[in-house]
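Taking numbering that gives the first Met the number 0, the leading residue of the sequence shown gets 0, the next gets one more, and so forth.
Yeah, the Cβ is synthetic: ideal placement off N, Cα and C, and Gly gets one too.
Below is one structure, written out as structure tokens; comments come after it.
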Amino acid sequence: MSKKRTIYYYDEQNDDFAGTNIVQKPIKDNFKYIRDKNPIWRLSSFLTYYILVKPLGLFINKIINGSSIKNRKVLRKINRRSGYFLYGNHTSMLSDAFQPSLIKYGKKTYIIANPDVTSIKGIENLVMMLGALPLPNTMPSRVNFIRCVKKRVSQGACITIYPEAHIWPYYTKLRDFSKENLHYPVKLNVPCFTITTCYSKHKGLLFFIKRPKVTSYIDGPFYPDSSLNQDEAEEKLKLQIQEAMKKRLEKYSTYEYINYVKVDDPSQRTISIN
């Protein structure tokens, strides 16, 4: 029998098991979130996204992970020109980075991410061309960030958010997250969808594959309640999104490839092999 990996965690909202160990660099006041006026940037960004990202995303998700996306038809329930927010559980570094690009055809998909993504020297421009929107660290950069989010939504783009913030590989449950993750769709009054990645055992001729089968389910749309104030609308939308994702996970995420165990002492956080 193969050995099973166990991860011991203390804080489900702050523990991170991505294993990248990136030294985070803060986003500067003058960080450029929008560079559309530069024709060279626009061309480079277009080629990078449609010639590199989409084919690479297809290769990673279909060939390497053997994953599939179900219930894509619900996206037709909104105007094709409407921008929207997409919320997913954060369980894979590569798949989560590329999967959103496979969801909406004809429009670029952006991902709100930690500043880690622009902290690696030499690839800041590349990840920005791929659609990364690093979270701001200062008030001036926050103003630029908000302006960018508003513009992309007005262009009909999909803005992806992983509200759990930290990667827990192959985790089969949903971690709690703050209602602040719903601030922008409520503020902009645009719909939301969920994409829930579930893990199950391979069946039939593929039963010998140890890594789980990956299937993602899209649900929605979920709309902000305009009769409520900002805080109340955020909380209500958060609960709707959590409920949709939990239902999918309880039904389809049935294979615990990695065992997660909660500990009472933060010093006991570790990864081991049983």
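- Below 8 Å between beta carbons: does that hold for Gly130 and Lys107? Yes, Cβ-Cβ distance for Gly130 and Lys107 is below 8 Å.
- Message: Suppose you measure from the CA of Thr193 to the CA of Pro99; what does that come to, to the nearest Å?
- Response: 11 Å
- Task: From the DSSP output, read off the bridge partner residues of Lys212.
- Result: Ser199
- Message: Between which two residues does the alpha helix (DSSP H) holding Ser153 run?
- Response: 138-153
- Item | In DSSP terms, what Pro133 is bridged to | Ala112
- Message: Taking 7 Å as the limit between beta carbons, can you name the residues of its chain near Glu11, skipping five residues before and five after?
- Response: Apart from sequence neighbours up to five positions away, the residues of its chain that approach Glu11 with a beta-carbon distance below 7 Å are Arg174, Asp175, ordered along the chain.
- Query: Hey, out of Trp40, Glu234, Glu231, Arg80, whose CA is closest to Glu123's CA?
  - Reply: Trp40
- Message: Taking the straight line between their C-alpha atoms, what separation do you get for Met0 and Lys209?
- Response: Residue placement at Met0 cannot be trusted, given a pLDDT of 46 that sits under 50; what the coordinates show is reported in the next sentence. Met0 and Lys209: Cα-Cα distance of roughly 11 Å.
- Message: Quick check on the DSSP output: the beta strand (DSSP E) that includes Phe284 runs from which residue to which?
- Response: This structure gives no information on residue 284, because the portion of the chain shown stretches from 0 to 273.
- Query: So, do the region 258-269 and the region 185-201 have three or more beta carbon pairs nearer to each other than 8 Å?
  - Reply: No: the two stretches stay apart, fewer than three of their Cβ pairs being nearer than 8 Å.
- Task: Would you kindly report the start and end of the unbroken alpha helix (DSSP H) that includes Lys246?
- Result: 229-251
- Indicate the three-state DSSP secondary structure (helix, strand or coil) for Phe58 in the structure shown. helix
- Task: Hey, could you find the ends of the beta strand (DSSP E) Val260 is sitting in?
- Result: It spans 257-261 - the beta strand (DSSP E) in which Val260 sits, taken as one unbroken run.
- Query: From Val52 to Lys186, what does the alpha carbon distance come to, in whole angstroms?
  - Reply: 30 Å
- To the nearest angstrom, how far is it from the Cα of Pro223 to the Cα of Ser177? 16 Å
- Query: In this structure, does DSSP put Lys72 in helix, strand or coil?
  - Reply: helix
- Query: Three or more C-beta pairs closer than 8 Å, one from the region 194-202 and one from the region 241-259: is that the case here?
  - Reply: yes
- Query: Thinking just about the alpha-carbon of each residue, which of Asn70, Thr117, His165 is nearest to the one in Thr90?
  - Reply: Checking every option, the nearest Cα to that of Thr90 belongs to His165.
- Output yes or no for whether 8 Å exceeds the beta carbon distance between Gly65 and Ala156. no
- Task: Verify whether the separation of the beta carbon atoms of Lys149 and Leu248 is less than 8 Å.
- Result: no
- Three-state secondary structure assigned by DSSP to Thr5: Correct three-state label for Thr5: strand.
- Query: If Thr110 and Thr159 are in contact, beta carbons under 8 Å, what's the gap, nearest whole angstrom?
  - Reply: Just to set this straight, residue 110 is Ile in the shown sequence, not Thr. Indeed, because the Cβ distance is near 4 Å, the residues count as touching under 8 Å.
- Along the chain, where does the alpha helix (DSSP H) that runs through Ile39 open and close? 38-46
- Item | Delimiting residues of the beta strand (DSSP E) encompassing Ile160 | Element bounds for Ile160: 157-160.
- Cα-Cα separation, Pro184 to Lys212: 32 Å
- Straight-line CA distance for Ala232 to Phe84? 15 Å
- Query: Looking at the structure shown, is Ser330 part of a helix, part of a strand, or coil, going by DSSP?
  - Reply: Nothing in the structure corresponds to residue 330, since the chain is present only between 0 and 273.
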